[in-house]
Each structure stands twice: as structure tokens, then as C-alpha cells.
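Q:
Residue numbers (our numbering): 19 to 405.
#1: Using alpha carbons as the reference points, say which of 312, 341, 337 and 315 lies closest to residue 326.
#2: Starting from the Cα of residue 350, find the closest Cα among 318, 338 and 360 and give me that residue.
#3: If residue 292 and residue 321 are in contact, beta carbons under 8 Å, what's the gap, nearest whole angstrom?
#4: Quick test of your reading: residue 344 and residue 145, contact by CB under 8 Å. State the CB separation rounded to the nearest angstrom.
#5: Please classify residue 301: is it buried, with 16 or more other beta-carbons within 10 angstroms of its beta-carbon, or exposed?
#6: Buried or exposed: residue 339, going by 16 or more other Cβ atoms within 10 Å of its Cβ?
#7: So is residue 153 buried or exposed if we call it buried at 16+ other beta carbons inside 10 Å?
#8: Leaving out the 5 sequence neighbours to the left and right, which residues in its chain are closer than 8 Å to residue 323 when beta-carbon positions are compared?
#9: At which residue ranges does the region 289 to 371 contain complete alpha helix (DSSP H) runs of 4 or more residues, listed in the order of the chain?
#10: On the three-pair Cβ rule with 8 Å, is the region 351 to 359 touching the region 162 to 172?
#11: Give the DSSP-derived three-state secondary structure of residue 93 in the structure shown.
#12: I need the DSSP call for residue 396, collapsed to helix, strand or coil.
#13: Could you tell me the distance, in whole angstroms, from the CA atom of residue 190 to the CA atom of residue 225?
#14: Ends of the alpha helix (DSSP H) at residue 389?
#15: Could you tell me the boundaries of the alpha helix (DSSP H) in which residue 159 lies?
#16: Would you tell me roughly how many angstroms separate the C-alpha atoms of residue 221 and residue 235, rounded to the nearest one?
#17: Counting pairs of beta carbons, one from the region 101 to 120 and one from the region 131 to 143, are three or more of them closer than 8 Å?
#18: Looking at the C-beta of residue 377, does it have a partner C-beta in chain D at a distance below 8 Å?
#19: Just verifying my parser: in three-state terms, what is the DSSP assignment at residue 236?
#20: Only counting the same chain, and skipping five residues up and downstream in sequence, which positions put a Cβ closer than 8 Å to that of residue 367?
#21: Pick out whichever of 209, 42 and 139 has its Cα sitting closest to the Cα of residue 390.
#22: Rounded to whole angstroms, what's the CA-CA distance from residue 61 to residue 297? Just pull it up for me.
#23: Which residues in the same chain have their Cβ closer than 7 Å to the Cβ of residue 83, if we skip the five residues on either side of it in sequence?
#24: If we ignore side chains and look at the alpha-carbon of each, how far apart do residue 241 and residue 385 end up?
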């Protein structure tokens, strides 16, 4: 018996053996359908959290001057709307309108990078029933957290002392401000996912029209869809993907981290959401199809790819400060990779930290829930209150 089957009950093993009789082409279509449902569930989860929060995000941006408080606001605001793209686009608009100081917006952008990782961390909890899968899934999710936290810990003090992000960003923005022409990009994948989520939301509106109650229902339904789709995606992927294909995929990604980063950038630009890109990785890693360390550079590429939304919003705003804050976002993600990835001795520190946390959380699931609660809500809220 392989390690993949250690957490399976006899009934589950029988179901999987029977499932192998399904034609590969039909299983592939099934996986695509389940993946679509999974993304719809993620979108419902995001919309549910936003609905339950009751528009609290907008009030967070008011009266913030302390850099640490601004960082915490970026985290909490992104958690509330479950999208760094929404947060960064909002920050760009506020800066362009002159209602949010450029200096305050810089740490907020960094906080948005941390806050966006909560989605894939929540998605990883869908594997909690199977310890081995959960360990891989939780590692894949939290290595993104640790990378972004380390990047902020290094870059924020340098920015406050020397302006290593803001000064180049302002210079570039001043050079481009006269030539930018607003633009937009509509992702067909994102549109299809939003359509599915909207259909379910409209059905739930037949039950209640209260925004908070509707948000709670969307949250519950989204979680159910995520958990069920993850279970069957993982099971079918194990059957669909032959061992040699798995080895070939990992060998290709292992040759160069740049390949993985490129994949992460392309997918994220296509779907217009780093949360979707990194959430897709969770079942791939949990099923054993993708090694954790090969998924790592893809998450870094997703960090870079998600900056396209803020850049498009800034081009539309066509102001120097608005464009500069978008370049700060891009610069932060590129600089984080340049600092942490090239040096082998520190490259995999975020992965090792994630593996250590997952090894503990695998046996004590409450630690995983406590980690999410403290990291993404409790600690940022405390910083804001104390500031």
C-alpha cells in the first residue's frame, strides 16, 4: 500500500478502484467540471465574506498615518473582500483622487499581498479529513504566507528609510503620466466563474434579501462547494494522471524556478486573481501531482501577475501618484523575489516554515484554524486598535 492510501478507509479504496473503470476522456471532463465548481465556490466564499463584513473595508482607509497600521489595514481590507486586486485597485483610486496619501498607501499595498493568501489557506482546510493530504495542502498554502511576510519584514524598513520602492516608482510614473491611455481587460475565465456564482447568489436571494444574511449563506454554500469539489478533484486526479506524467511535470518545473514563475504570471493575468491561481495549486499538491517545492515559484509568479489589475486601474486614472502606487505594487513583488529566491540558502525558508507548521497542524487541526484567525484577523485588528 502506498502512502497515498494511508488515510483512506476500505470503502474509499473500493470507490477509487471502481472509479478507475471510467474512461480517461470522461474523467478529464469531470475534473474540468469539478474545477469550475471549485472556482465558483471560491468566488462565493469571497462574496460571502464581503457581504458579512457589511462594507467595513471602506472605513478602514480613513485616518491612517502609522506605517504598521497601514500595513494591518491592507491585510484586513483584503481579507474582508478576499481579493488583493480589489484592495489595490481601491488604493490606486483613493491615491489618484488625493484622499489617501501616497506614503500611507505603500505599506497598505504590502499588506494586501499578505491578506490575499488567506483564500488558499482557507481552501486547504478542505483537506482536513485526510491528514497526509492536509499536510501537503496546508504547506502549499502557508508557504505563500511566509514568503510575503518575510518580504514585508525586509522591504518595509528599507522603504521607510530609503524609499527603495516609492522613489523609482514615482520616477517611472512621471515619465509615463503623459502617455498612458486608460485600458481594461476582461478575463473570460473570470467572467464564466462570476456567472456561475451569480446564478447561485440569485437562488439564495430567494431565501433572503438581507445583505448580511445573504453573505452568510454564500459563505456556507461556497465552503460546501469547495470541500466537495476538492474531495473529488483530488480523487480523480490521482487516477487520471499517470506516474510518468507526474514525474515529467515536476522535472520540467524543477529545472528552473523561472518556468514556474512564468506559469504563475500567465495564469494570474488570465484569471485576474492570484487567489484563484494559488487555490488551484492546493488540490494539485494535495493529490501528489505537483511537489510543494515546484508549486512554490508558481505562487511567486502569481504575486507578480496580480499587479496587472492595479496597473490597469492606474492607467485609467492617469495621475502620477496613482500610477506610482501601482508600480510600487509591481516593484514590491519583483524585489521580494530578487531578495529571497536567488540565494539557495534562504530560497526555501518559507517552504520549511510552512512544512513545520503543517506537521503540527496535521495532528491538531485547531492550530490551523487558530493560525488563520490570528494571522489574518486578530493581529492586524490589534495593530490598528493600538495605533
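Just so you know, even glycine gets a beta-carbon here, dropped at the ideal spot from N, CA and C.
Please read these numbers as outputs of a predicted model, since none were measured by experiment.
A: On the basis of the supplied data:
#1: Position 308 of the chain shown holds residue 326. Answer by Cα proximity: 341.
#2: Reading the chain shown from its first residue, position 332 is the one you call residue 350. Closest option to residue 350, Cα to Cα, is 318.
#3: Counting from 1 along the chain shown, the entry for residue 292 is found at position 274. Counting from 1 along the chain shown, the entry for residue 321 is found at position 303. Here residue 292 really is in contact with residue 321; their C-beta atoms are around 6 Å apart, less than 8 Å.
#4: Here residue 344 is taken as the residue at index 326 of the chain shown, counted from 1. Here residue 145 is taken as the residue at index 127 of the chain shown, counted from 1. That pair is no contact at about 35 Å.
#5: In the chain shown, residue 301 corresponds to position 283, counting from 1. Around the beta-carbon of residue 301, 16 or more other beta-carbon atoms lie within 10 Å, marking it buried.
#6: Within the chain shown, the letter at position 321 stands for residue 339. Buried, because 16 or more other Cβ atoms sit within 10 Å of the Cβ of residue 339.
#7: By 1-based counting over the chain shown, the position of residue 153 is 135. Burial call: buried.
#8: Counting from one through the chain shown, the residue named residue 323 turns up at place 305. Cβ within range, chain order: 282, 283, 284, 285, 286, 287, 292 and 295.
#9: For the region 289 to 371, whole alpha helix (DSSP H) runs of length 4 or above, ordered along the chain, are 292 to 304, 310 to 323, 325 to 335, 338 to 358 and 362 to 365.
#10: With the cut-off at 8 Å, the region 351 to 359 and the region 162 to 172 touch.
#11: Here residue 93 corresponds to residue number 75 of the chain shown, with the count starting at 1. Correct three-state label for residue 93: helix.
#12: For this step, residue 396 is matched to residue 378 along the chain shown. In the three-state DSSP reduction, residue 396 falls in the helix class (H, G or I).
#13: Your numbering for residue 190 matches position 172 in the chain shown. Your numbering for residue 225 matches position 207 in the chain shown. Take the alpha-carbon of residue 190 and the one of residue 225: they are about 51 Å apart.
#14: Start at 1 with the first residue of the chain shown, and residue 389 comes out as number 371. Residues 383 to 391.
#15: The residue given as residue 159 occupies position 141 in the chain shown. Run containing residue 159: 149 to 180, per the alpha helix (DSSP H) assignment.
#16: Taking the chain shown and counting its residues from 1, one reaches residue 221 at position 203. Taking the chain shown and counting its residues from 1, one reaches residue 235 at position 217. Their backbone Cα atoms lie some 11 Å apart in a straight line.
#17: At 8 Å Cβ cutoff, the stretches touch.
#18: The chain labelled as chain D is not found in the depicted structure, where only one protein chain is given.
#19: In the chain shown, residue 236 corresponds to position 218, counting from 1. Residue state, collapsed to three classes: helix.
#20: What you label residue 367 is simply residue 349 of the chain shown in a count that begins at 1. So the list reads 164, 168 and 358, once near-sequence residues are dropped.
#21: Position 372 of the chain shown, counted from the start, is the residue given in the question as residue 390. Looking at the Cα atoms, 139 is the closest of the given residues.
#22: Your numbering for residue 61 matches position 43 in the chain shown. Your numbering for residue 297 matches position 279 in the chain shown. When rounded, the distance between both Cα atoms is 11 Å.
#23: In the chain shown, counting from the first residue as 1, residue 83 sits at position 65. For residue 83, same chain residues with a beta-carbon under 7 Å away, outside a window of 5 residues either side, are 122 in chain order.
#24: By 1-based counting over the chain shown, the position of residue 241 is 223. By 1-based counting over the chain shown, the position of residue 385 is 367. Just so you know, the alpha carbons of residue 241 and residue 385 end up roughly 19 Å apart.
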